[in-house]
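Asks: Chains as they are written, first to last, in UniProt numbering: chain B, 1 to 602; chain H, 1 to 556.
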Amino acid sequence: MEHIITPKVEHVKLLNKYPEKKSALGTLYLTATHLIYVEQTNNSRAETWVLHHHIMSVEKLPLTAPGCPLLIRCKTFQLLHLLFQKERDCQDVYQSLLHLSQPVKEDELYAFLYTPHQNQEDRRQGWEFISVANDFSRMGLSNEYWEISPLNKNYEICSTYPSILGLPKNASVAVVTGSAKFRSRGRLPVLSYYHKDTKAAICRCSQPLSGLTSRCVEDEQMLQAISQANPNCPFIYVVDTRPKLNAMANRAAGKGYENEDNYSNIRFQFQGIENIHVMRNSLQKLLEVCSMKSPSMSDYLTGLENSGWMRHIKSVMDAGVFLAKAVSEERASVLVHCSDGWDRTAQVCSLACILLDPYYRTIKGLMVLIEKEWISFGHKFSHRCGHLDSDPKEVSPVFTQFLECVWQLSEQFPCVFEFNERYLIEIHNQVYACQYGNFIGNCQKERLDMRLHEKTFSLWPHLLKNQHLYRNPLYRRSLESTVLRPSTLPLHFKFWCGMYNHYDGGMHPKQSVLDQLLSLTQKQVEGERTMTELQRLAVADGVLPDPSGLISTPTKQDSPCEKTPTAPVVQSNGSCAPLINGDAEEAVPGAEKCNEEEGAES
Amino acid sequence: MELSEHIKTANVEDVTLRRPFHPALRGTLCVTSHHLLFSDGKDEASWQLLILLKNIDAIEKRAVGSSGTITIKCKDLLVLQLEIPGMEECLNIASSIEALSSLESVTEMYPFFYRPSHLTLSGPWGLSSMEQYYKQTERLWDRWRISTVNSDYSVCLSYPSAVIVPREVDDDMLIRSARFRQGGRFPVLSYCHHRNGMVIMRSSQPLTGANKKSCKEDELLLRAVIDGSKLGYIIDLRSAQQAQQARMTGGGFESKSCYSDWKRFHRHHERGKVVQESLIKLVEACSDPSHSVDRWLSKLENSKWLSHVHSALCTAGLVVECVERDGHSVLVHGSEGTDNTLLVSSLAQLILDPASRTVTGFLCLLEREWIQAGHPFQQRCAHSAYSHARLKQECPSFLLLLDCVWQVWRQFPLALEFSEALLLRLAQEVYASNYGTFLCNSEQERCAAGVKENTHCLFQSLLRPDIEEQYLNPLYEPTDLVIWPSVHPQSLQLWTGLFLRWTEYAQNMEEAREEVWSIVKEHREQAGPDRTNNMLSTHCDTLTPFENLMDELTIL
Chain B
1 MEHIITPKVE HVKLLNKYPE KKSALGTLYL TATHLIYVEQ TNNSRAETWV LHHHIMSVEK
61 LPLTAPGCPL LIRCKTFQLL HLLFQKERDC QDVYQSLLHL SQPVKEDELY AFLYTPHQNQ
121 EDRRQGWEFI SVANDFSRMG LSNEYWEISP LNKNYEICST YPSILGLPKN ASVAVVTGSA
181 KFRSRGRLPV LSYYHKDTKA AICRCSQPLS GLTSRCVEDE QMLQAISQAN PNCPFIYVVD
241 TRPKLNAMAN RAAGKGYENE DNYSNIRFQF QGIENIHVMR NSLQKLLEVC SMKSPSMSDY
301 LTGLENSGWM RHIKSVMDAG VFLAKAVSEE RASVLVHCSD GWDRTAQVCS LACILLDPYY
361 RTIKGLMVLI EKEWISFGHK FSHRCGHLDS DPKEVSPVFT QFLECVWQLS EQFPCVFEFN
421 ERYLIEIHNQ VYACQYGNFI GNCQKERLDM RLHEKTFSLW PHLLKNQHLY RNPLYRRSLE
481 STVLRPSTLP LHFKFWCGMY NHYDGGMHPK QSVLDQLLSL TQKQVEGERT MTELQRLAVA
541 DGVLPDPSGL ISTPTKQDSP CEKTPTAPVV QSNGSCAPLI NGDAEEAVPG AEKCNEEEGA
601 ES
Chain H
1 MELSEHIKTA NVEDVTLRRP FHPALRGTLC VTSHHLLFSD GKDEASWQLL ILLKNIDAIE
61 KRAVGSSGTI TIKCKDLLVL QLEIPGMEEC LNIASSIEAL SSLESVTEMY PFFYRPSHLT
121 LSGPWGLSSM EQYYKQTERL WDRWRISTVN SDYSVCLSYP SAVIVPREVD DDMLIRSARF
181 RQGGRFPVLS YCHHRNGMVI MRSSQPLTGA NKKSCKEDEL LLRAVIDGSK LGYIIDLRSA
241 QQAQQARMTG GGFESKSCYS DWKRFHRHHE RGKVVQESLI KLVEACSDPS HSVDRWLSKL
301 ENSKWLSHVH SALCTAGLVV ECVERDGHSV LVHGSEGTDN TLLVSSLAQL ILDPASRTVT
361 GFLCLLEREW IQAGHPFQQR CAHSAYSHAR LKQECPSFLL LLDCVWQVWR QFPLALEFSE
421 ALLLRLAQEV YASNYGTFLC NSEQERCAAG VKENTHCLFQ SLLRPDIEEQ YLNPLYEPTD
481 LVIWPSVHPQ SLQLWTGLFL RWTEYAQNME EAREEVWSIV KEHREQAGPD RTNNMLSTHC
541 DTLTPFENLM DELTIL
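#1: Please state whether DSSP places C192/H in a helix, a strand or coil.
#2: Quick check: what's the CA-CA separation for D89/B versus V199/H?
#3: Does H488/H have its Cβ less than 7 Å from a Cβ in chain B?
#4: According to the neighbour-count rule (16 or more other Cβ atoms, all chains shown, within 10 Å of its Cβ), is N43/B buried or exposed?
#5: Is it a yes or a no for the stretch 291-302 of chain H touching the stretch 203-219 of chain H, going by three-plus beta-carbon pairs under 8 Å?
#6: With a threshold of 7 Å between beta-carbons, can F265/H be considered close to chain B, or not?
#7: According to DSSP, is T71/H part of a helix, a strand, or is it coil?
#8: My understanding is that N508/H touches P111/H, with C-beta atoms under 8 Å, so please give their C-beta distance in whole angstroms.
#9: For the pair the stretch 313-323 of chain H and the stretch 448-456 of chain H, tell me if three or more CB-CB distances fall below 8 Å.
#10: List, in chain order, every chain H residue whose beta-carbon is nearer than 7 Å to that of F381/B.
#11: Going by beta carbon distance, what residues of the same chain come within less than 7 Å of L426/H, once the five residues before and after it are set aside?
#12: Determine the contact status of A224/H and P166/H, defining contact as a CB-CB distance below 7 Å.
#13: Can you give me the start and stop residues for the beta strand (DSSP E) that R26/H sits inside?
#14: When we look at the beta-carbon of E89/H and count the other beta-carbons within 10 Å, is it buried (16 or more) or exposed?
#15: From S291/B to Q378/H, what distance separates their C-alpha atoms?
#16: I'd like to check one pair, S315/B with V289/B: are the Cβ atoms closer than 7 Å?
#17: Distance cutoff 7 Å, beta carbons only. Does V175/B sit that close to anything in chain H?
#18: Buried or exposed for E404/B, going by 16 or more other Cβ atoms inside 10 Å?
#19: Taking F253/H as the reference, give the member of N150/H, K212/H, A373/H and H308/H with the closest Cα.
#20: Can you list, in chain order, the stretches of the beta strand (DSSP E) that have 3 or more residues and sit fully within the stretch 71-155 of chain B?
#21: With V169/H as the anchor, note down where its beta strand (DSSP E) starts and where it stops.
#22: What in chain B is Cβ-close to E301/H, meaning under 9 Å?
#23: Provide the residue span of the alpha helix (DSSP H) that contains P461/B, from first to last.
#24: Name the chain H residues whose beta carbon is nearer than 7 Å to that of Q401/B?
#25: Nearest-angstrom Cα distance between S387/H and K364/B?
#26: Three or more C-beta pairs closer than 8 Å, one from the stretch 240-256 of chain B and one from the stretch 216-228 of chain B: is that the case here?
#27: Tell me where the alpha helix (DSSP H) around T345/B begins and ends.
#28: Do S190/H and S345/H have their beta-carbon atoms positioned less than 7 Å apart in this structure?
#29: With a 10 Å radius around its C-beta and 16 neighbouring C-beta atoms as the bar for buried, classify N55/H as buried or exposed.
#30: DSSP puts A99/H in a beta bridge; with which residues?
#31: Kindly indicate which three-state DSSP category S311/H falls into: helix, strand or coil?
#32: Going by beta carbon distance, what residues of the same chain come within less than 6 Å of D14/H, once the five residues before and after it are set aside?
#33: From A46/B to E468/H, what does the alpha carbon distance come to, in whole angstroms?
#34: Starting from the C-beta of P473/B, find all residues in its chain whose C-beta is less than 6 Å away, skip the five residues before and the five after it, and write them out in chain order.
#35: Report the CB separation of R501/H from L77/H in whole angstroms; it is logged as a contact under 8 Å.
#36: Do you know whose CA, among L50/H, L231/H, R390/H and E284/H, lies nearest D326/H's CA?
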């Protein structure tokens with residue numbers, strides 16, 4: 001609070017992006033967590049809420065005749081152009097926001113202040129709701145080839161890996177530890193996903209410390225063990241997701257990539273996904289295109305091309321498709337790495353999981369996938385999202401790109417995802433909001449040290465509670481068993497207006513098929529399908545002991561960042577009754593009824 | 001020369017057919033006067049493909065050993081390959097296709113032979129006429145009248161026999177005004193806005209020429225249009241510079257001094273060959289197998305197709321703004337007034353007028369604003385994106401309209417009663433059809449060729465009481481509001497339904513469409529049975545083209 005110099009400024013103009021439209025006049029408030037702009041017209045009070053953590057940059061523009069302009073760019077791609085009457089006010093707000101948007105210490109983050117109406121038990125259950133261990137059980141592990149090992153329980157083998165690791169059964173402890181020493185930051189090859197049907201596995205690691213000539217017997221044995229864990233294929237693919245040039249450059253620094261001569265039966269592949277710096281710059285250029293004032297069609301398309309963004313999205317998708325094909329068609333296991341194995345590797349592995357396994361295309365499945373491939377495997381959310389005032393060169397939209405790839409898939413396959421676009425956008429907002437503890441910290445160990453499970457709440461139960469908003473009415477369970485084979489021809493990649501121009505309401509379709517179908521299917525769903533389906537799954541997973549306990553927070557507005565009037569989620573929130581306690585409890589008998597009916601029809 | 005004389009080899013066995021995303025098939029190929037028929041067996045259950053020869057835009061022959069391969073590129077963008085054993089047969093087939101796919105005489109075309117058993121030629125032809133529009137639009141009765149000055153098509157060859165003009169302008173004045181407009185296309189009423197009585201007029205350019213000629217009657221006609229109100233807008237679909245240049249070739253624009261009540265805007269629109277080349281480039285880009293995103297985006301940009309879509313929607317938006325927001329009447333024209341003029345005026349109507357958003361209303365709009373208004377379909381749609389023939393007067397204006405309508409539909413998915421499938425059907429029919437609707441270049445030509453007496457009407461057929469479900473939008477909720485589409489480049493998309501029509505992508509979209517229908521039906525069943533019946537009666541008696549082929553074979 002000490003950073004707030006002026007909590008309230010009156011007569012602030014919110015400039016419209018389109019000069020022909022009139023700009024609003026109103027009052028600006030600064031709270032400990034939000035910037036709030038209240039527009040005062042004759043009798044309406046439109047509010048814009050912006051979470052401080054969502055602010056990416058604040059820029060004072062040169063003084064103009066009508067006032068002193070301040071440009072606020074958000075990580076959610078919102079753009080606020082404010083005009084102050086007094087320079088003093090502008091300067092004060094500018095100073096305050098600089099501090100508020102970039103806290104120095106973790107405990108200044110919103111999640112540590114935020115307390116929904118939940119007791120300790122709710123909190124504990126909330127954190128246990130999504131469990132990576134359960135997902136391994138779901139894949140049928142441990143089995144005769146793979147075991148779920150507690151070898152890293154003290155984070156001694158690899159400090160940025162999770163405490164439990166999927167390892168080939170015939171890899172000895174010596175091989176595991178030896179291999180870890182030969183991998184950048186100790187990120188040794190471990191299981192990411194096991195494909196039951198083909199017995200092929202996707203494994204992930206960081207680059208080997210091979211330099212120009214080094215080799216490591218244990219690492220070679222480790223890859224051999226992974227290969228032997230798949231009886232269906234005599235070789236494994238080793239996929240280096242980097243461009244070949246980058247990988248070669250790393251060799252000079254004592255890192256690099258696997259020498260095919262040293263490893264038996266590997267097939268080595270580069271995938272050519274660019275590094276975090278290229279991606280950051282590309283997004284920057286994309287956002288410039290998005291905020292162009294009345295561009296011509298040619299300006300826009302040329303800008304889109306020059307940003308390179310779509311090219312990068314396609315490179316991630318291509319790599320994911322390569323993995324899924326190798327596993328499903330060639331029945332081959334794949335080992336994936338990039339440099340550190342926490343950015344491109346996470347993108348590619350999680351995308352392949354979605355292509356291969358319909359479970360990850362459900363609302364809960366995507367939570368599990370993010371928890372597994374991103375959070376627990378140490379994607380550095382704090383650094384990549386710039387939660388704290390830290391090195392700006394560490395910031396990169398790696399996770400955003402993953403969400404976009406999922407969105408691109410949902411555009412090609414409208415009926416195979418249980419969730420809709422809003423779910424992806426909400427997750428994106430929450431990643432940057434730091435309202436819940438999930439995306440704070442850079443790895444599991446850090447989160448444990450911060451005692452996040454005691455001090456903050458988990459996002460997932462909150463999303464589940466609102467899942468009626470995120471449902472895809474076109475979702476067809478009957479299609480679920482298929483492996484997705486998307487076309488990766490460039491013309492299938494679309495610009496994601498709903499994400500990057502999310503706050504430019506004028507650009508979006510004026511009527512929503514999604515809302516229409518959601519409201520048509522609402523009745524059936526409220527009592528029957530979705531709630532029960534998820535609970536049934538949760539119970540089956542052994543995650544959810546008491547269905548009503550989880551959803552027992554009748555707080556309608558525990559999430560101020562959703563109050564932003566410009567967020568379309570809220571509009572639909574108004575029209576959809578929130579699922580509260582009573583509904584959830586009634587849902588179980590409803591499920592039985594539903595199943596009976598289905599049975600009768602078939 | 002009889003059509004059948006073009007056919008040297010009518011049947012070939014053991015032909016292999018390759019289509020995108022389907023396994024190759026082996027069967028019999030048969031060429032008739034108007035069709036290419038492929039069948040993979042002789043029994044009833046055999047799979048058959050029937051293609052109107054007129055649908056074929058280009059063919060390529062290639063010899064492989066003793067057999068030949070023909071690649072067939074259709075105007076609806078489908079590409080097929082036929083492997084034909086025997087070089088001679090292959091060449092015969094190819095030359096038959098080449099000759100029969102480019103017939104020029106209207107009466108030789110297939111609609112004149114199409115005689116399905118469930119349709120009779122004595123039925124009504126067409127849905128609407130200017131007279132009917134006048135009768136339905138009460139607002140017009142006071143100040144407007146129907147003129148039959150063009151009943152023998154002598155005043156304007158490309159206009160219909162009846163037009164709506166201001167009541168106070170007599171036929172003599174119309175004749176004089178017509179002489180002052182290119183092709184005789186004097187200003188006529190295209191639409192009257194139901195809210196404020198303001199009108200959209202359209203015409204061709206005035207023939208002011210280098211000497212700045214003027215025409216009193218033309219000025220009076222336009223003055224009568226705005227009748228006392230102070231202002232009207234002229235939307236000239238050329239840049240100011242182009243309009244100036246047009247004077248050198250006898251054309252021109254309405255000068256401020258002669259038309260003081262009218263304010264003129266210039267909006268540049270590409271026309272003719274440029275637009276046709278856009279389509280060719282876009283289709284080429286869509287079939288580029290390269291995996292380079294940059295190359296794709298650059299080709300997409302370079303084709304300029306989306307730029308044309310963008311300009312058309314922008315200008316239509318401007319017309320709507322003038323009529324709805326400013327409350328003034330508008331005159332739209334470019335040069336000939338037969339392409340972009342119709343594009344802009346019909347789009348503006350779709351945006352303004354809820355009546356034009358129903359299936360019937362939309363087809364009536366197309367009939368009035370494109371067919372009767374004299375869009376030269378035969379010239380414009382002679383070839384599509386694949387043809388190697390030298391371009392003459394081809395221009396995909398109508399396809400551009402359908403694309404723009406699709407963009408509006410995408411932004412207002414509940415506001416239109418019809419579905420994307422109807423737009424796709426029209427996109428196909430306009431190039432090759434069993435029906436006579438899109439034949440010829442004007443009412444006068446249709447009259448001379450006896451189109452109405454000797455062919456069936458597509459729109460009538462589409463509107464039979466058992467209209468196909470697939471042409472209806474399951475989510476349709478009529479709204480009286482003006483539906484302003486966003487024209488930000490981000491809001492416009494490639495019409496994948498058309499340009500990626502023959503890919504797997506289209507199958508996924510089809511699944512989604514079916515799912516939407518099943519949700520809506522389930523909902524309606526719950527809501528009550530009475531609504532279900534009148535909207536959703538499905539039928540299976542649409543004529544399969546094969547029944548009709550029998551008729552044709554007998555003719556042969």
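Idealized CB from N, CA, C, for every residue including glycine.
Replies: So, from the data block:
#1: The count along the second sequence starts at 1 and reaches residue 192/H at position 192. Looking at C192/H - three-state DSSP - the assignment turns out to be strand.
#2: Looking up residue 89/B in the first sequence gives position 89. Looking up residue 199/H in the second sequence gives position 199. Their backbone Cα atoms lie some 52 Å apart in a straight line.
#3: Translated into positions along the second sequence, residue 488/H becomes position 488. It does; some Cβ of chain B falls within 7 Å.
#4: One-based indexing of the first sequence puts residue 43/B at position 43. Looking at its Cβ environment, which holds fewer than 16 other Cβ atoms inside 10 Å, N43/B is exposed.
#5: no
#6: Taking the second sequence and counting its residues from 1, one reaches residue 265/H at position 265. F265/H does not count as touching chain B.
#7: Counting from 1 along the second sequence, the entry for residue 71/H is found at position 71. T71/H falls in the strand class under three-state DSSP.
#8: Here residue 508/H refers to the residue found at position 508 of the second sequence. Here residue 111/H refers to the residue found at position 111 of the second sequence. Going by Cβ atoms, the distance from N508/H to P111/H rounds to 34 Å, so no, they are not a contact pair.
#9: no
#10: For the purposes of this step, residue 381/B is taken as the residue at position 381 of the first sequence. Residues of chain H passing the Cβ test: none, with the nearest at roughly 28 Å.
#11: Translated into the one-based positions of the second sequence, residue 426/H becomes position 426. So the list reads L402, once near-sequence residues are dropped.
#12: Taking the second sequence and counting its residues from 1, the one referred to as residue 224/H is at position 224. Taking the second sequence and counting its residues from 1, the one referred to as residue 166/H is at position 166. Contact: yes.
#13: By one-based count along the second sequence, residue 26/H stands at place 26. Where R26/H is concerned, the enclosing beta strand (DSSP E) stretches over L25 to V31.
#14: The residue given as residue 89/H occupies position 89 in the second sequence. Buried is the call here.
#15: Locating residue 291/B in the first sequence gives position 291, where the first residue counts as 1. Locating residue 378/H in the second sequence gives position 378, where the first residue counts as 1. One C-alpha to the other measures close to 44 Å.
#16: On the first sequence, position 289 is the one that residue 289/B refers to. On the first sequence, position 315 is the one that residue 315/B refers to. No. Outside cutoff.
#17: Residue mapping note: residue 175/B aligns to position 175 of the first sequence, counting from 1. So, not an interface residue.
#18: Here residue 404/B is taken as the residue at index 404 of the first sequence, counted from 1. Buried is the call here.
#19: Within the second sequence, the letter at position 253 stands for residue 253/H. The shortest Cα separation from F253/H among N150/H, K212/H, A373/H and H308/H belongs to K212/H.
#20: 79-84 and 146-149
#21: Within the second sequence, the letter at position 169 stands for residue 169/H. V169/H -> no beta strand (DSSP E), and no H or E assigned at all.
#22: Walking along the second sequence from the start, residue 301/H turns up at place 301. Those are M297, S298, Y300, L301, T302, L304 and E305, listed as they occur along chain B.
#23: On the first sequence, position 461 is the one that residue 461/B refers to. That run of the alpha helix (DSSP H) goes L459 to K465.
#24: Locating residue 401/B in the first sequence gives position 401, where the first residue counts as 1. Those do not exist, as Q401/B stays about 14 Å from chain H at its closest Cβ, beyond 7 Å.
#25: To locate residue 387/H, count along the second sequence from 1; it is residue 387. To locate residue 364/B, count along the first sequence from 1; it is residue 364. Rounded to whole angstroms, S387/H to K364/B spans 51 Å at the Cα level.
#26: no
#27: Start at 1 with the first residue of the first sequence, and residue 345/B comes out as number 345. Element bounds for T345/B: R344 to L356.
#28: If you number the second sequence from 1, residue 345/H lands on position 345. If you number the second sequence from 1, residue 190/H lands on position 190. Cβ atoms of S345/H and S190/H: closer than 7 Å.
#29: If you number the second sequence from 1, residue 55/H lands on position 55. Label assigned to N55/H: buried.
#30: Position 99 of the second sequence, counted from the start, is the residue given in the question as residue 99/H. In the DSSP output, where bridge partners are listed per residue, A99/H has none listed.
#31: For this step, residue 311/H is matched to residue 311 along the second sequence. The answer is helix: DSSP assigns S311/H an H, G or I state.
#32: In the second sequence, the residue the question calls residue 14/H occupies position 14. Same-chain partners within the cutoff: P85.
#33: Here residue 46/B refers to the residue found at position 46 of the first sequence. Here residue 468/H refers to the residue found at position 468 of the second sequence. Going from the Cα of A46/B to the Cα of E468/H covers about 46 Å.
#34: Residue numbering aside, residue 473/B sits at position 473 when the first sequence is read from its first letter. L517, L518 and T521.
#35: As a position in the second sequence, residue 501/H is number 501, starting the count at 1. As a position in the second sequence, residue 77/H is number 77, starting the count at 1. Between L77/H and R501/H the Cβ distance is about 6 Å, and since that is below 8 Å, they are a contact.
#36: In the second sequence, residue 326/H corresponds to position 326, counting from 1. Cα-wise, what sits closest to D326/H is L231/H.
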